[in-house]
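J.:
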Amino acid sequence: MKHSTMAMGLGLMLTLMACTQNPVSVPTPPLPDPASVTVAAKLPTLVTVSWSTVPGASGYLLERRSDTGSYVQIAEPTTPSFTDLSVSGGVRYTYRVKAKSSNALSGGKESNPVTPPTLCSVASSSPSTKGCFGEVFDWLRTSALEDGQTRGVVPTHIGLLPDGRLMTYFGLDPQGQFARDNYKVLSQHNHSVTVLWDPAKGSGQDSFQRVDNLHTDLFCSGHVLGPDGRYYTSGGNLGQSTSANGATPNSNPGSNHTDIFDPTTNTWSAGPDMADGRWYPTMITLSSGELLMVGGNSADDKGDSNGVGAVVDTPNILPEVWDTVAGVIRPLSNATTDAASATFKYANNNQPAYGYYWHYYPWIFQDPFKDKQAFMAGSANTIGYLDTTGSGAWSAVSNRSLGSTLDVWRTYGTAVMYQPGKILVIGGGGAVTGANSTVRITLSGGTSYTVDPGPNMAYQRTHLMATLLADGQIFVNGGNTDGQNYVITHAVYESELIDPNEPNPTFRRAAMAQRPRIYHSASVLLPDATVLTAGGGGCGDSCDRFQPEANADPNHPGLTVNQPNGEIYYPPYLFNPDGSPATRPVIVAAPSAVNYGQSFTLQTDQPAENIARVTFLKLGSATHAFNMGQLFNELQITARSGNQLTVVAPASGRLAPPGYYMLFVLNSSGVPSAAKMVKIGGGP
Ligand SMILES: [Cu+2]
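Read in order, the letters of the sequence shown correspond to residues -18 to -1, 1 to 666 in mature numbering (1 follows the signal peptide of the UniProt record, and there is no 0).
(1) Contact check, L273 vs G641 under 8 Å by CB: the rounded distance?
(2) At which residue ranges does the stretch 81 to 157 contain complete alpha helix (DSSP H) runs of 4 or more residues, listed in the order of the chain?
(3) Inspect the beta-carbon positions of Y643 and I619 and report whether they are closer than 8 Å.
(4) Quick one, are the C-beta atoms of I365 and Y400 less than 8 Å apart?
(5) Should L196 be labelled buried (16 or more other beta-carbon atoms within 10 Å of its own) or exposed?
(6) Identify, in the order they occur along the chain, each residue of the same chain with its Cβ nearer than 8 Å to the Cβ of L425, setting aside the five sequence neighbours on each side.
(7) According to the neighbour-count rule (16 or more other Cβ atoms, all chains shown, within 10 Å of its Cβ), is N298 buried or exposed?
(8) Relative to the alpha-carbon of D282, which residue among S233, L67 and V458 has its alpha-carbon at the smallest distance?
(9) Short of 7 Å in beta carbon distance, which residues of its chain neighbour T60, apart from the five on each side in sequence? Order them along the chain.
(10) Measuring from the CB of C202, is there a heavy atom of ligand 1 at a distance below 7 Å?
(11) Along the chain, where does the beta strand (DSSP E) that runs through A182 open and close?
(12) When we look at the beta-carbon of K658 and count the other beta-carbons within 10 Å, is it buried (16 or more) or exposed?
(13) In whole angstroms, what separates the C-alpha of L43 from that of L87?
(14) Determine the direct distance from the alpha carbon of T267 to that of Y213, and round the result to whole angstroms.
(15) Are the stretch 586 to 606 and the stretch 616 to 631 in contact at 8 Å, needing three or more beta carbon pairs?
(16) With DSSP collapsed to three states, give me the class of G291.
(17) Considering H205, what are the terminal residues of the beta strand (DSSP E) in which it resides?
(18) Among I550, T306 and I470, which residue has its Cα nearest to the Cα of L25?
(19) Ligand 1 and H502: does any heavy atom of the ligand fall closer than 7 Å to the residue's C-beta?
(20) By Cβ distance, which residues of its chain are closer than 8 Å to A440, with the 5 residues on each side in sequence left out?
(21) Taking T30 as part of the beta strand (DSSP E), name the residues at either end of that continuous run.
(22) Can you give me the C-alpha to C-alpha distance between S505 and G428, rounded to a whole angstrom?
(23) Cβ of H205 versus every heavy atom of ligand 1: is any distance shorter than 7 Å?
(24) Just to confirm, is the Cβ distance from G460 to T420 under 8 Å?
(25) What do you reckon, is the C-beta of H171 under 7 Å from a heavy atom of ligand 1?
(26) Looking only at DSSP bridge pairs, what is A252 linked to?
(27) For L601, which residues of its own chain have a beta-carbon under 6 Å away from its beta-carbon, when the five flanking residues on both sides are left out?
(28) For P245, which residues from the same chain have a beta carbon less than 6 Å from its beta carbon, with the 5 sequence-adjacent residues on both sides left out?
(29) Taking 7 Å as the cut-off, is the beta-carbon of H139 closer than that to any non-hydrogen atom of ligand 1?
(30) Let me confirm a value: R74 is counted as buried when at least 16 other C-beta atoms fall within 10 Å, else exposed. Which label applies?
(31) Looking at G116: is its Cβ nearer than 8 Å to the Cβ of S103?
(32) Please name the residue in S634, A607, R47 and G253 whose C-alpha comes closest to that of L446.
(33) What beta strand (DSSP E) runs, 3 residues minimum, are completely inside the stretch 395 to 421?
(34) Cβ-heavy atom distance between H606 and ligand 1 below 7 Å?
(35) Count the other C-beta atoms from every protein chain shown that fall within 10 angstroms of the C-beta of G409, then say buried if there are 16 or more, exposed otherwise.
(36) Okay, do the stretch 625 to 635 and the stretch 540 to 554 touch, 3+ Cβ pairs below 8 Å being the bar?
Written as C-alpha cells, this is what we have:
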C-alpha cells in the first residue's frame, strides 16, 4: 500500500515537472501568497488565523474548508489576521489565504489543519435539545488592592464590548472582602480591580488583562455600553464607614461617580458626578442615545440599623439622564419617587404591596412606542412609564397585578424585553422563596400596557439570569430556590429554555451547569452565539462565616459560594439533531454601521435561499440578575440574490437605541452564524 502510494506520487511529480517545462499557458500570479498562515484553536468556537503580510496587497480573501467540504470564502480581511467564531468544536478545518489587489489575486496559501476542542466538556445526552456547558475556566487571579493578597476575581459585572472583549469586575477587591471588618471601615472606596477578558486569546490567564479604575469602587454600579462604543458606569460602593457619613455598619451608601471606559485605549476616565450616590442602580440607553440612570442607594444611606424587619434604606429618589456627548447629567426632578409621594411608596416589610426593593436594579426598558420614554417592569409590584423629557414624569403607575391578584414580590428575579414592547418577568421572590412563575407585560402605545400570567419554570429561581439568544429564545440559568444571597445549598444547576415567540411558550429543561451561579453571577450572549455564565458569591473569605452550611450541598460536594470562574453555554442551535456540531452559516461581509430604516446588503458563504432569518441583538451588560443592555430585533429580509441578502435596519431608536448590535443570520435549520458587530444610529 505504502509502496503504491509512493509510486503514484512520483508519477504525479513527473507530470508536473513536464508541465513546468511548457509554462506558456500558466501565467505567473502577479501577487505572491503570504509566506505562512498560522492557525490556533483557542476555544471550541474560536480559531485565530494569522498570516504574513503580502507587500502590495490591498486585502485578503480568507477561505475555509472542513475535511468533508471544499473551500468557501468566509471573510475579506484587510489586515493579516482574523478571528473565526463560526467554527464547530471537534471539526477539523484548513484555511487558505489569498492576497488581493485591485487587479490581481494570489493563488492561495494553506494553513495546517486545526481542530477546535469539542463543545461539551461534560457528555450531554441531548445537546440538540438541551445544549451543553463547556469547561470551567478561572477568571484572572490577581492581587487585591486592599490587602495585596492574590485572589480570583468574581466577575459580578459583565459587559460585552464592540471588539468582542468583555469588561468584568467585582470592585475594590477581586472577590468581595466586604464582609471583613477592614472593608467596612474603609472610607476611600475610590478604586476597582477591573478585568478585560479577550476570548480571542482563549481562556487561560493570559486572556485576561487588568485595567484598574482609580476613581470609583464600581462594586454594585450600573453599567451599559454607550452609543459611541465606550462603556459607561453609574455609581458604585462608597464603603461603610461610620466616620464618613454616620452610617451604621449595615449601610450601603452609593457613590455619585460616573465612569467611562474607552476600549480603544483601555483607559478609564471620570464622568460628571451625579446629584447623589447610586448603589444598585439601573442604567439603560434611551432612544435618543442618552443614558437613563434610576435607583440605587443614596450616599446618605443609613442602612439596616435594626436588622431584618425594620429596614431603613435611603434610596436615591432622583432619576437622571446623562447626555454623554455634551457631558451633562440632567435631573428628572419632577419624577422623584420618595416615601411621601402619592405615586411610589417605599414600603417596609409591613407594606409588601409596594416594592421596598424597587430601587435595587429596577427593570427598565426603552418604550418602543415613544421616544425617550422608559418602562419599569419591577422588580417590585410597582410598574409604570417614565417620560424622560424635560424634568421627567411618571405615568400609568400601577401594581403589577393579575386580575385582582397582586403579583408576587420578585426581588432578584429578572425581566427581558424579548421583542419590542414584550417583556417577560421571570422568577424572583422575597427573602425566603423564589418564584417559578412568570408574567408577561405587553406595552401597547401611549401609556397602556397589559399584564398576563406567563408559563412556569421547572424551578423556583432567585438571582437567576435570563439571556436572549441569537434566535430570540431566552436562556435561563443559575439562581437558587431559597432566595438567599450567599447560600448554594439550594442552587439550581439545571438551566431552562423558552421560545417566547411561540403561540403557547413553555419552559424546557436544558443543560446542567457545573458551578452554582447565584447572587453576584452574570451571563451575557457572546458574538459566537454562545452564552458566558460566570461569577457568583463574592463574599470573600467570610462566606463560611456567613453560611457554614454553604459547602454542604450533598449533590455538589466541595463547591463554594465564591465562583471566580466562568463556563460557556452552547445552545441547542449549535447542534444537529444527532448531537453532532452543526455547520454554521457565515456572514462574509456586512456594513459596520447602518442608519435607522436603511436597506443594506449582507454577503454570506452560501446561497441566500438557505438563510431564513436575520436577527439584531444589542450588546449585553449584566449584573445582579438583570441585563441592562440586551434587546432583540428581527430584521426583515427584502431580497435574496446569489449569496447576498437585502435586509432592513430597525426603524428607530425606540426599537433599537443607538449603539452596537450583534447581527446574526440563521439558516433554515435555525443554526446561527457568528455575529458581525454593527453600529446603528450614528452619533452621539
Ligand atoms: Cu451586589
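Glycine included, each C-beta is placed from N, C-alpha and C at the ideal position.
T.: Taking the geometry as given:
(1) Within the sequence shown, the letter at position 291 stands for residue 273. Within the sequence shown, the letter at position 659 stands for residue 641. With a Cβ gap of about 10 Å, L273 and G641 do not count as contacting.
(2) 109 to 112
(3) Here residue 643 refers to the residue found at position 661 when the sequence shown is read from its first residue. Here residue 619 refers to the residue found at position 637 when the sequence shown is read from its first residue. Not a contact, by the Cβ cut-off of 8 Å.
(4) If you number the sequence shown from 1, residue 365 lands on position 383. If you number the sequence shown from 1, residue 400 lands on position 418. Not a contact, by the Cβ cut-off of 8 Å.
(5) Translated into positions along the sequence shown, residue 196 becomes position 214. Per the 10 Å Cβ criterion, exposed.
(6) Position 443 of the sequence shown, counted from the start, is the residue given in the question as residue 425. Around L425: D349, P350, F351, F357, G403, K404, I405 and Y431.
(7) Looking up residue 298 in the sequence shown gives position 316. N298 is buried by the Cβ-count criterion.
(8) As a first step, residue 282 is located in the sequence shown; it is residue number 300 there, counting from the start. Minimum Cα distance to D282 is reached at S233.
(9) Within the sequence shown, numbered from 1, the residue matching residue 60 stands at position 78. Correct list, in chain order: G41.
(10) Stepping through the sequence shown from its first residue, residue 202 is reached at position 220. Under cutoff, so the answer is yes.
(11) Counting from 1 along the sequence shown, the entry for residue 182 is found at position 200. Run containing A182: none; DSSP gives neither H nor E here.
(12) Here the question's residue 658 lines up with position 676 in the sequence shown. Classification for K658: buried.
(13) Walking along the sequence shown from the start, residue 43 turns up at place 61. Walking along the sequence shown from the start, residue 87 turns up at place 105. Taking the straight line joining both Cα atoms gives about 9 Å.
(14) Taking the first residue of the sequence shown as 1, we reach residue 213 at position 231. Taking the first residue of the sequence shown as 1, we reach residue 267 at position 285. So the two alpha carbons sit approximately 11 Å from each other.
(15) yes
(16) Residue mapping note: residue 291 aligns to position 309 of the sequence shown, counting from 1. Low per-residue confidence applies at G291: pLDDT is 38, beneath 50, and the placement is therefore not dependable, though the value from the model is reported in the following sentence. G291 falls in the coil class under three-state DSSP.
(17) Taking the first residue of the sequence shown as 1, we reach residue 205 at position 223. Run containing H205: G204 to L207, per the beta strand (DSSP E) assignment.
(18) Mapped onto the sequence shown, residue 25 falls at position 43. Checking every option, the nearest Cα to that of L25 belongs to I550.
(19) Start at 1 with the first residue of the sequence shown, and residue 502 comes out as number 520. Yes, since a heavy atom of ligand 1 falls inside the 7 Å radius drawn around the Cβ of H502.
(20) Reading the sequence shown from its first residue, position 458 is the one you call residue 440. If we look at A440 and ignore the five residues flanking it on each side, its Cβ neighbours are N418, E476, E478, F489 and R491.
(21) Translated into positions along the sequence shown, residue 30 becomes position 48. Taken as a continuous stretch (DSSP letters only), the beta strand (DSSP E) holding T30 covers L28 to W33.
(22) Here residue 505 refers to the residue found at position 523 when the sequence shown is read from its first residue. Here residue 428 refers to the residue found at position 446 when the sequence shown is read from its first residue. Rounded to the nearest angstrom, the two C-alpha atoms are 33 Å apart.
(23) By one-based count along the sequence shown, residue 205 stands at place 223. No.
(24) Within the sequence shown, residue 460 is the residue found at index 478, counting from 1. Within the sequence shown, residue 420 is the residue found at index 438, counting from 1. Contact: no.
(25) Numbered from its first residue, the sequence shown carries residue 171 at position 189. Answer for H171: no, Cβ out of range of ligand 1.
(26) Your numbering for residue 252 matches position 270 in the sequence shown. D241.
(27) On the sequence shown, position 619 is the one that residue 601 refers to. Once the five neighbours on either side are set aside, the close Cβ partners of L601 are L142, L207, G611 and Y642.
(28) Locating residue 245 in the sequence shown gives position 263, counting from the first residue. Cβ within range, chain order: L143 and D145.
(29) Reading the sequence shown from its first residue, position 157 is the one you call residue 139. Checking the Cβ of H139 against ligand 1 gives no.
(30) Sequence index remark: in the sequence shown, residue 74 carries index 92 (1-based). R74 is exposed by the Cβ-count criterion.
(31) By one-based count along the sequence shown, residue 116 stands at place 134. By one-based count along the sequence shown, residue 103 stands at place 121. For G116 and S103, yes; Cβs fall inside 8 Å.
(32) As a first step, residue 446 must be located in the sequence shown, where it is residue number 464. When each option's Cα is compared against that of L446, the closest is A607.
(33) 396 to 401 and 404 to 408
(34) Residue mapping note: residue 606 aligns to position 624 of the sequence shown, counting from 1. Within the cutoff, so yes.
(35) If you number the sequence shown from 1, residue 409 lands on position 427. It is buried - the Cβ of G409 has at least 16 other Cβ atoms within 10 Å.
(36) no
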